[in-house]
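S.K.: Please see the structure below; I have some questions.
There are 2 protein chains.
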Amino acid sequence: MNRTKIAALYADKDQLDGASVTVAGWVRSIRDMKNFGFVTLNDGSCFRGLQVVLNREALGDEAYDQAVSQSVGAALVIDGTLALTPDRPQPIELQAAHVSVEGPSAPDYPMQKKRQSREFLRTQQHLRSRTNLFRAVFRVRSVAAYAIHKFFQERGFVYVNTPIITASDAEGAGEMFRVTTLDLANVPRLEDGSVDWSKDFFGKPTNLTVSGQLQAENFAMSFGDVYTFGPTFRAEDSNTRRHAAEFWMIEPEMAFCDLEQDMDVAEEMLKYAITYVMDHCPDEMDFFNKWVDKGLKERLTHVATSDFARVSYDDAIKILEEAQDGGTKFEYPVSWGLDLQTEHERYLTEHHFNKPTFVTDYPKEIKAFYMRLNDDGRTVAAADCLVPGIGEIIGGSQREERLDILESRIHELGMDPEQYRYYCDLRRYGGCRHAGFGLGFERFVMYVTGIDNIRDVLPHPRTVGNADF
Amino acid sequence: MNRTKIAALYADKDQLDGASVTVAGWVRSIRDMKNFGFVTLNDGSCFRGLQVVLNREALGDEAYDQAVSQSVGAALVIDGTLALTPDRPQPIELQAAHVSVEGPSAPDYPMQKKRQSREFLRTQQHLRSRTNLFRAVFRVRSVAAYAIHKFFQERGFVYVNTPIITASDAEGAGEMFRVTTLDLANVPRLEDGSVDWSKDFFGKPTNLTVSGQLQAENFAMSFGDVYTFGPTFRAEDSNTRRHAAEFWMIEPEMAFCDLEQDMDVAEEMLKYAITYVMDHCPDEMDFFNKWVDKGLKERLTHVATSDFARVSYDDAIKILEEAQDGGTKFEYPVSWGLDLQTEHERYLTEHHFNKPTFVTDYPKEIKAFYMRLNDDGRTVAAADCLVPGIGEIIGGSQREERLDILESRIHELGMDPEQYRYYCDLRRYGGCRHAGFGLGFERFVMYVTGIDNIRDVLPHPRTVGNADF
């Protein structure tokens, strides 16, 4: 079968006017007008479907009746003639010469044309990408992922696949999943009754990674600029619209880079990826703008073309305190030292600055051990990027490159120095100023699509109690 | 600091002749000739280092002495003047005007210039990417990953992140790692003494995925062409040069595609990625060709420009039986029904065909349940691609799209039909011929670099007993 994809029919329509082509796809809708029938066929190559005209006279009664009796969802292979239709809503149509049923669809097909709730569609994860909404979401997800690779690769960054299984507990960033080959019904034990980890696959306890950053630093100290893009995990019992147990992160790490340059790269990357998605998914973005979030395209265009705000934590707290004094109610009252909550983040980015906002130089107590201590001794060189509608989308920092300060932080926090020996080695042998950040990929996809639940931007989301499909 | 990367100095050398530039990188070697010193500086932006000339007179005694006293591995920031040096081995050099020590290196730095064994370097995974060998390997890995994304994206494939944590046991493809939040020292139990999985994070037993294929099919049935590129896992106690517990796989899945077209895409993808790596990593490929595998570049060029062999399993067995009759010794004797071992695969691809070879239509007994049954009733539409030096690098097949045959295979093999309900739904609602394959990414990197141990192409390899860094 030498078929032409529907995307190519639209792209090359002027050359293909009057040409005989074969298309293959799935029925999105079908209408029988007795002597004429109309099928909307989608093959997934583009957001739009193809209007196929069935003519009883041309096909013959038997073939016509078989074709129009197909259900929504059926897979068809259709030979026909392409025609430009400048006077109709759709620019082209296919006049069918032969229709072959590749695979019929059962009448109980759950993806009927009628609008279905996203909650229902989450129970149909194997079929939901056949709806307009999820076809748009998952193509944007794919194009966004590529945009991010392209951004870094074109700038000479080296892509590093940091390990998923890890014996380290990283930064204590969150609850971890254990990875084991021990039989849980019969756990081997030492004489004192504790688990005999020497019998486990790796000879010690291992977990799923919460971040590839520390290992990415290993490679930044040889390649200069590197990035990771892979799955990360949190075993947190939080059933929110923004949290999943398994999600993808992008973590660039750059040598000879300070916090200002780190923010420059983060801002440039976000703008690049937004612009790339808008350029490469115009139909999908129109769909989101019409059906999901009416201000979406305008907002994204604004973000892609204007400077992000940058404000210190100190000043951010002042802004929030003023708002509080002015009557704004926060669930978590504002004072210096507070770990900003989503309500504060959204106030800053949505109400005060009304654009993406970097908050910098947080109190060291609320940030990770590896962040570079500022000269004031009380804050660290961190920068989180907050965006309207989401809150924090990026968390970054300059890393502590001074061995003595890093070691005393590790000591202060009661961490195991042996576990961070290799990390300290990077400072022992040619350490340098360096910085990086982490972008939660799903949050980015939510941001550019306007979708407000992380379950709807993951192909098969994993959350507390849910690991289906 | 407004520094120029060394890659840019080489790329733009003609425009930069005589220009003042700042470079930042790490000392690869340093020589003190009393009044002149020479530093080879590498910043990771390209394989080559930059020759920096230190002039006692120009720098002054103190600065000169401080600079030449630095150890290998130290991080330096150097301002200087770029000069073309057409009469020297290297095309450019930097005449240093100012040297700033960003981070010294301790004298016990393990990555000295002398050649070190790969076994030793495996104990120094956080530092080994500073050697020529591993800088070449991990840049090629990065460029190869991008080439694969580029290949699929430019052809309209949608990238799908299939889940890492899964409640399915996939195809029984191999031993799986358990993922749990239960406390192994105190496993909750039901009254009958068995594990109470309802207390686990997902409310049931979950594992790390061994393949994203089945879930990728969900998306192929809406987008037509999709691919995955993510980590997969095997908890197999096999300590070989070709197996790791954690590795990355690329799994395209294509609707309206048969086995021949599947092989066409696999062959085209391999050729594209090989050519892309050779074009974009010329220095790295020269290094491998010189130090790792002298015939490498010639062999890859041959592969990229000639047709792959295609042979049926039946004919492959005849070839092997003839070899056996002619005196070739195989550890596993050859007869029809045999699951080809690496020795057989390598005989076919290295001795008989002397190029990449697809073996097709294997006995159904040695292949997975989802592969399409051929009309002969005894073989399935599978195609494995074997390459010289590696053996199997790709395993693919046309998938069984006929619901009745698929269900009877599931029944025959004693699998749980409920677990495959969603997979069968794809055949119930508009099923179509479709096919796909899996490429082991590390095997591909081994193939293009000539590196013979999978531990040396993974940033931080995970194998039995090893989960360090």
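Those protein sequences? They're chains A and B, same order as listed.
Going by the numbering used here, the first sequence opens with residue 1, and the numbers climb by one from there.
Going by the numbering used here, the second sequence opens with residue 470, and the numbers climb by one from there.
Each residue gets a CB set at the ideal place from its N, CA and C atoms; glycine is no exception.
Model, not experiment: these values are computed from the prediction.
1. Please say whether L855/B and P825/B have beta carbons closer to each other than 8 Å?
2. Per DSSP, N511/B is paired with what?
3. By the three-class DSSP mapping on this structure, what secondary structure does P886/B have?
4. I want to verify the contact list: residues of chain A whose CB lies under 9 Å from the CB of C893/B, in sequence order.
5. Quick one: which chain A residues come within Cβ less than 8 Å of P721/B?
6. Check the C-beta distance from M840/B over to E869/B and give it rounded, since I have them as a contact under 8 Å.
7. Can you check DSSP and say which residues form a bridge with P930/B?
8. Whole alpha helix (DSSP H) runs in the segment 741 to 786 of chain B with 4 or more residues, listed along the chain?
9. Does the beta carbon of I164/A come closer than 8 Å to any beta carbon on chain B?
10. For the alpha helix (DSSP H) containing S100/A, name the first residue and the last one.
11. On the DSSP bridge list, what partners appear for F233/A?
12. Which residues in the same chain as P573/B place their Cβ atom closer than 6 Å to its Cβ, once the five residues preceding and following it in sequence are excluded?
13. Can you round the beta-carbon distance between G395/A and D404/A to whole angstroms, since I take them to be within the 8 Å contact cut?
14. Can you pull the chain A residues whose beta carbon is under 7 Å from the beta carbon of Q622/B, in chain order?
15. Identify the continuous beta strand (DSSP E) that holds H126/A and give its terminal residues.
16. Please list the partners that E401/A has in chain B, where partner means a Cβ-to-Cβ separation under 8 Å.
17. Whether or not the segment 240 to 248 of chain A and the segment 629 to 636 of chain B are in contact is what I'm after, with contact meaning three or more pairs of Cβ atoms, one per stretch, closer than 8 Å; do they touch?
18. Which residue's Cα is closest to the Cα of I393/A: R378/A, Y420/A, M415/A and R346/A?
19. Using three-state DSSP, classify S335/A as helix, strand or coil.
20. Check whether chain A comes within 8 Å of K583/B, counting only Cβ atoms and requiring the distance to be less than that.
21. Given a cut-off of 8 Å on the beta-carbon distance, is the pair H939/B and N207/A in contact?
22. Determine the chain B residues that contact T181/A at a beta-carbon separation under 8 Å, and present them in chain order.
23. Three Cβ pairs or more, each shorter than 8 Å: is that satisfied between the segment 734 to 753 of chain B and the segment 607 to 614 of chain B?
24. Could one say the Cβ of K364/A lies closer than 8 Å to chain B's Cβ atoms, at least one of them?
25. For F256/A, return the contacting residues in chain B, with the cut-off set at a CB-CB distance below 9 Å.
26. Is the shortest distance between the beta-carbon of Q66/A and the beta-carbons of chain B less than 8 Å?
27. Look up S540/B in the DSSP assignment and say whether it is helix, strand or coil.
28. Put S211/A into one of helix, strand or coil per three-state DSSP.
29. Report the option in H903/B, N511/B and D937/B whose CA atom is closest to the CA atom of V546/B.
30. Going by Cα to Cα distance, which pick from T232/A, D361/A and E350/A is closest to L259/A?
31. What does E246/A reach in chain B if we use C-beta pairs closer than 7 Å?
32. From E588/B to Y898/B, what distance separates their C-alpha atoms?
33. Can you name the residues of chain B whose CB is closer than 8 Å to the CB of L184/A?
34. Using 8 Å as the limit for Cβ to Cβ distance, is R409/A near chain B?
35. Beta carbon of G465/A, beta carbon of F671/B: below 8 Å?
36. Between which two residues does the alpha helix (DSSP H) carrying Q622/B extend?
M.R.: The answer reads as follows:
1. yes
2. W495/B
3. helix
4. What C893/B touches in chain A: nothing, since even the nearest Cβ is about 10 Å away.
5. The premise fails here: P721/B is roughly 13 Å from chain A at the closest Cβ pair, so nothing lies under 8 Å.
6. 7 Å
7. BP columns for P930/B are empty, so no partner.
8. 751 to 760 and 765 to 774
9. yes
10. Taken as a continuous stretch (DSSP letters only), S100/A belongs to no alpha helix (DSSP H), being part of the beta strand (DSSP E) at I92 to G103.
11. E246/A
12. A543
13. 25 Å between Cβ atoms; not a contact.
14. Y146
15. Segment: none, H126/A is in no beta strand (DSSP E) and carries neither H nor E.
16. G572
17. yes
18. R346/A
19. coil
20. no
21. Look at the range of chain B in this structure, 470 to 938, and you will see that residue 939/B is not part of it.
22. E644, F646, R647 and A704
23. yes
24. no
25. M470, R472, A493, G494, D512, A544, V546 and E571
26. no
27. coil
28. coil
29. N511/B
30. D361/A
31. P632, I633 and I634
32. 53 Å
33. R647, T649, L651, L653, V656 and V664
34. no
35. yes
36. N601 to E623
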